Amino acid sequence: MRNAFIEELTALAATHDNIALIVGDLGYSVVEEFADRFPDRFINAGVAEQNMTGLAAGMASEGYHVFTYSIANFPTFRCAEQIRNDIDHHRLPVTVVAVGGGVAYGALGYSHHAVQDYALMRAMPHMIIAAPGDPLETRACLRWLVANPGPSYLRLGKAGEPRFHESMPDVAPGRWVPVRDGRDEAIMLSTGAALGAAIARAAGRAVWSLPLWSMAAKAEQSVQLARHERVTTLEDHLADGGFGSWLTEAVAGTPAAACIEPIALSPEICDMVADQATLNRIGGLTS
Amino acid sequence: MREAPFVAAKPQDTYLLAQRIREQALRMVTRAKASHVGSALSIADIMAVLYGRALRVDPDAPRHPERDRFILSKGHACVAVYAALAETRFIERASLETYGVNGSILMAHISHKVPGAEFSTGALGHGLPFGTGKALAGKRREASWRTVVLTSDGEWGEGSNWEAALFAAHHNLDNLICILDYNKLQSLKTVDETLRLEPLHSKFEAFGWAVREVDGHDHGALADALEGAPWEAGKPMMLIAHTIKGKGVSFMENKVEWHYRNPTPELLEVALAEIAGANSDA
Chain A
1 MRNAFIEELT
11 ALAATHDNIA
21 LIVGDLGYSV
31 VEEFADRFPD
41 RFINAGVAEQ
51 NMTGLAAGMA
61 SEGYHVFTYS
71 IANFPTFRCA
81 EQIRNDIDHH
91 RLPVTVVAVG
101 GGVAYGALGY
111 SHHAVQDYAL
121 MRAMPHMIIA
131 APGDPLETRA
141 CLRWLVANPG
151 PSYLRLGKAG
161 EPRFHESMPD
171 VAPGRWVPVR
181 DGRDEAIMLS
191 TGAALGAAIA
201 RAAGRAVWSL
211 PLWSMAAKAE
221 QSVQLARHER
231 VTTLEDHLAD
241 GGFGSWLTEA
251 VAGTPAAACI
261 EPIALSPEIC
271 DMVADQATLN
281 RIGGLTS
Chain B
1 MREAPFVAAK
11 PQDTYLLAQR
21 IREQALRMVT
31 RAKASHVGSA
41 LSIADIMAVL
51 YGRALRVDPD
61 APRHPERDRF
71 ILSKGHACVA
81 VYAALAETRF
91 IERASLETYG
101 VNGSILMAHI
111 SHKVPGAEFS
121 TGALGHGLPF
131 GTGKALAGKR
141 REASWRTVVL
151 TSDGEWGEGS
161 NWEAALFAAH
171 HNLDNLICIL
181 DYNKLQSLKT
191 VDETLRLEPL
201 HSKFEAFGWA
211 VREVDGHDHG
221 ALADALEGAP
231 WEAGKPMMLI
241 AHTIKGKGVS
251 FMENKVEWHY
261 RNPTPELLEV
271 ALAEIAGANS
281 DA
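Structure (structure tokens):
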């Protein structure tokens, strides 16, 4: 996903001269080509995420579409108020990019796990969350974000995720994307890098992905939910404030709410040392 | 030499402008029973010099691409900016009556929805990073406009400001001016008693900024500094403006309580009389 992201961003920057990339002193062996090709639009802000984010908002207010890039919680929680006040409240075109969504950084530990980021970002009224499930969804999301500039959050896994789509999926906020055919009455619906786990435990059920979602996109969920009797959501995030929680809120008080079964990471993984696969298994995402 | 398409309506009598800013600020805060009048009076002279002569801005084209960008980081002092915008025709004077009223655009912390206001603040430590981004954008595009950020003194407790101070110097942003409203009083006690900033001048110099200190109520000194920018090629500018919180109203000067209190109608009349009197003496 990381490689799909930087390849696609570099390609888009060649045709959009307002795209800028600011990194928080991270991105070794990832951002070099962008930096070499577009030195005027690449900035290493240093280890200073609050300034990186305020700075991005300032540049965005002057016509740039700025991408801030860092690991897991650093570009989100560390500078949450800058995202809330400077970017989201002013509806500025800044895309916050976090690499290492979920527990992708494994044994590096809790400081490097993004398992509450949806909760933070989905609380922002104008924010679009882009949580692609494979490299093709990453490219599709990025193209959508560049075509529709605004406050946004792109949550990536790491590198080397498998490709699940055969062609570029058609993405839009709130729109479920079909990934695997199967039984339609009971389905799996995942967001982000949990897509692989959703496919693995589908057991004949159809698998869908929802890579773009937001507060505003809640409105369209009841129609899509109505087509199925049981929807099992999967996310590499804690249940509280997460994706399943979002979907349930979208139809709270209606019969559709009862057909949602959210599966999310158990908080016990927050205290453990283990690799990604093990944390996802112990957390209840995979078997 | 850059084009100055905005100078036609200026310069104004900045002392008269400052008087009007103080009067309007006091009236707004009294009507709305709002706080922070001391903070607004502290910057009234700075606002008058900025909007009366130093800033290149045009009320008929508030989003003019070549305008100077002014950002109030101490958003709680917004009545001084709203008053300046009204006195220089960015907004209707009558609209000031809606300050803090339900449905008004005049939020009690500065709002970007107000014509002429670039950026909403209220949480401290946001204006300088944002302004730094604007200044960087201007540099990268070789633009001639400048970015001016007005911060309080207390908000230099925020780490984000120091991050931006490092960044602006590292990137040689000599199109960025930060004015520090140094009234030496913060929310509970003095800056010295709260979280010491001194030695401020040498601290900013050590950060790589060009630093000047002025009496923040001396219009000539403020104008010289602001109009003489850039002071040193490749360096962002820090203008430490020594001010008095509550300046112009004797019973508000240097009093923490006027960070919070709003005047009674009777006290408003006393305050307005003092301000009118001070200007006629000058």
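Protein chains in written order, with UniProt numbering: chain A, 1 to 287; chain B, 1 to 282.
For each residue, glycine too, the CB sits at the ideal point set by N, CA and C.
These figures come from a predicted structure and were not determined experimentally.
A/E8, DSSP secondary structure in three states: helix
Per the DSSP calculation, A/A258 is bridged to which residue(s)? DSSP, once it has assigned bridges, lists no residue as partnering A/A258.
N- and C-terminal bounds of the beta strand (DSSP E) containing B/C178: 176-182
Using a Cβ-Cβ cutoff of 7 Å, what residues of the segment 243-265 of chain B are near chain A? List them in chain order. none
Spatial neighbours of A/F5 in its chain, beta-carbon cut-off 6 Å, leaving aside the 5 residues before and after: T138, L156
Whose Cβ in chain B lies nearer than 8 Å to the Cβ of A/H89? S120
For the segment 256-274 of chain A and the segment 141-155 of chain A, state whether three or more C-beta atom pairs, one from each stretch, are separated by less than 8 Å. no
Nearest chain A C-beta to B/G133 closer than 7 Å, yes or no? yes
Assigned secondary structure, B/E23 (DSSP; H/G/I helix, E/B strand, else coil): helix
State buried or exposed for A/D170, treating a residue as buried only when at least 16 other CB atoms are found within 10 Å of its CB. exposed
For the ligand ATP, any of its heavy atoms closer than 6 Å to the Cβ of B/S42? Absent from the structure shown: the ligand ATP. Ligands present: none.
7 Å Cβ shell around A/F34 - same chain, five flanking residues per side excluded: I6, L9, T10, A13, L21, F42
Among A/E185, A/L189, A/P173, which residue has its Cα nearest to the Cα of A/V179? A/L189
Below 9 Å on C-beta distance, what does B/A164 contact in chain A? A48, Q50, N51, G54, L55
A/R2 beta carbon less than 7 Å from that of A/V23: no
N- and C-terminal bounds of the alpha helix (DSSP H) containing B/V249: Segment: none, B/V249 is in no alpha helix (DSSP H) and carries neither H nor E.
Any C-beta of chain B under 7 Å from that of A/M59: yes
Taking 8 Å as the threshold, find out whether the segment 42-62 of chain A comes into contact with the segment 99-106 of chain A through three or more Cβ pairs. no
B/R22 CB to nearest chain A CB: under 7 Å? no
Under a CB-based cut-off of 7 Å, is A/N85 close to chain B? yes
List the whole-angstrom C-beta distance separating A/E185 from A/H228, where the pair is believed to meet the contact cut-off of C-beta under 8 Å. 6 Å
Could you work out which residues of chain A lie near B/P236, taking near to mean beta carbons separated by less than 8 Å? The premise fails here: B/P236 is roughly 13 Å from chain A at the closest Cβ pair, so nothing lies under 8 Å.
Bridge partner(s) assigned by DSSP for A/V177: A/S209
Give the straight-line distance between the Cα atoms of B/P5 and A/Y64, rounded to the nearest whole angstrom. Residue placement at B/P5 is flagged as unreliable, the pLDDT there being 48, under the threshold of 50; the coordinate-derived value follows with that caveat. Roughly 25 Å between the two C-alpha positions.
Does residue 288 of chain A have its Cβ less than 7 Å from a Cβ in chain B? Outside the displayed range of chain A (1 to 287) lies residue 288 of chain A, so it cannot be described from this structure.
Partners in chain B for A/A45, counting only beta-carbon separations shorter than 9 Å: E163, F167
Please report the distance separating the alpha-carbon of B/Y51 from that of B/A61. 14 Å
I'd like to know whether the C-beta of B/F130 is nearer than 7 Å to at least one C-beta of chain A. yes
For B/M238, collect the residues of the same chain with a Cβ closer than 6 Å to its Cβ; drop the 5 residues on either side in sequence, then sort them by chain order. C178, F204, W209, V211
Helix, strand or coil for B/M28 per DSSP? helix
In its own chain, which residues sit with a C-beta less than 6 Å from the C-beta of A/T95, not counting the 5 before and 5 after it? F67, L145, S152, L154
Quick one: which unbroken alpha helix (DSSP H) runs of 4-plus residues sit fully inside the segment 44-126 of chain A? Chain order, please. 49-60, 117-121
Alpha carbon to alpha carbon, how far is B/G248 from A/P39? 50 Å
Do B/Q24 and B/L96 come within 7 Å of each other at the CB atom, strictly closer than that value? yes
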